[in-house]
Amino acid sequence: MKIVYSPKYLKHGFESHPECPGRASAIYNFLKEKSLEFVSPTPVIENDLLLVHEEELLSKLKLFSKMQMSTSDNPFKENTFEIAKLAAGGALKAAQLAEKEFAFALVRPPGHHAGKNFFGGFCYLNNLAFAVRKIQKEKGIGNILIADFDMHHGNGTQDIFREDASVYFFSMHQDPIDTYPLTGTDSENTEHIRNAILKGGEGDRLFVKTFKENFEEMFDRAEPEMIAVSAGFDAFHADAQYVGSRIGIEKTSTFGEIGKIIASKKLPCFAVLEGGYHQPTLGENAFKFIKEFK
Ligand SMILES: [Zn+2]
Numbered sequence: 006m007k008i009v010y011s012p013k014y015l016k017h018g019f020e021s022h023p024e025c026p027g028r029a030s031a032i033y034n035f036l037k038e039k040s041l042e043f044v045s046p047t048p049v050i051e052n053d054l055l056l057v058h059e060e061e062l063l064s065k066l067k068l069f070s071k072m073q074m075s076t077s078d079n080p081f082k083e084n085t086f087e088i089a090k091l092a093a094g095g096a097l098k099a100a101q102l103a104e105k106e107f108a109f110a111l112v113r114p115p116g117h118h119a120g121k122n123f124f125g126g127f128c129y130l131n132n133l134a135f136a137v138r139k140i141q142k143e144k145g146i147g148n149i150l151i152a153d154f155d156m157h158h159g160n161g162t163q164d165i166f167r168e169d170a171s172v173y174f175f176s177m178h179q180d181p182i183d184t185y186p187l188t189g190t191d192s193e194n195t196e197h198i199r200n201a202i203l204k205g206g207e208g209d210r211l212f213v214k215t216f217k218e219n220f221e222e223m224f225d226r227a228e229p230e231m232i233a234v235s236a237g238f239d240a241f242h243a244d245a246q247y248v249g250s251r252i253g254i255e256k257t258s259t260f261g262e263i264g265k266i267i268a269s270k271k272l273p274c275f276a277v278l279e280g281g282y283h284q285p286t287l288g289e290n291a292f293k294f295i296k297e298f299k
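Rendered as structure tokens:
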């Protein structure tokens, strides 16, 4: 197993923001005690980002970075576009390593709320979507199954792969009726898109059960050659204070149960960090998940 990480990921954003540098250092500090092997990301070729994003979005991100024009969810510093590109490069590196062994992209800023031509929810570029498209092209990989267990709907990922039948997307998230980004309902489901909604109060057991049922069904449909995971840990009870999660996961081992279900498929697999904001528990939650792939 490899962990893709760069200390440059700490240079984007502000500590006063929920999506802050401290999140990445909390995970890094926890994982480095576990004698895991770390590798550095390779920066992306900017033109490659057009595989998933429109040129207009890239120009906007560049301009906002240069002008340091922040929005309510997305702070922009001068280096924001550069670090976002390095996060996309980190996800790609994990996808490239996945052929041989599981890899976890410990990157920030996160990506699953960035669509073809929009950004938001702390995300700028869709790291995982970029890695999926690029690896398909680079290695001639057929179907890929994406599993997103962040408590928010992966609206950007869904937007990017909506018309792409070679990518199956399963997102399990808290009820979009009142949870950002207010998308991810049953009515958006297609043959290759599955949204599973948690109303709140499910707790550990039902979180795992709902994930397993939907994941298995989508896995059978997709017959994938590779699995890509949007790993967000914000369904954890302690994250409620930052993002209003009410699913009620009490045990860090629950993320291990999720890891076990995915790892049991014995397919090339990589995971990319999305949300998770409670720093004292974030490292352990991430570790419990990734250790199942050893
Ligand atoms: Zn989230």
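Residue numbers (my numbering): 6 to 299.
For glycine and all other residues, C-beta sits at the position ideal for the given N, C-alpha and C.
The structure presented is a predicted model; accordingly, all values stated were derived computationally and were not measured.
Query	Result
Same chain only: Cβ atoms within 7 angstroms of residue 290, ignoring 5 sequence neighbours per side	238, 241, 257, 260, 281
Residue 210 burial status per 10 Å Cβ neighbour count (16 or more: buried)	exposed
Below-7 angstroms beta-carbon distance, residue 248 vs any chain B residue	No chain B appears in the structure shown, which is made up of a single protein chain.
Residue 220 vs residue 152 beta-carbon contact at 7 angstroms	yes
Among 74, 126, 138, nearest to residue 96 - alpha-carbon criterion	138
Near ligand 1: residue 239 beta-carbon under 6 angstroms from a heavy atom	yes
Cα-Cα separation between residue 131 and residue 155, rounded to whole angstroms	14 angstroms
Spatially closest choice to residue 223 from 246, 181, 177, by CA coordinates	177
Cβ distance (whole Å) where residue 128 is taken to contact residue 161 below 8 angstroms	6 angstroms
Span separating the alpha-carbon of residue 226 from that of residue 149	11 angstroms
Nearest candidate by alpha-carbon position, reference residue 168, set 197, 180, 188, 184	197
Proximity to residue 81 [Cα-Cα], best of 233, 66, 292	66
Cβ pair residue 133, residue 116 closer than 7 angstroms	yes
Distance cut-off 6 angstroms: residue 156 Cβ against heavy atoms of ligand 1	yes
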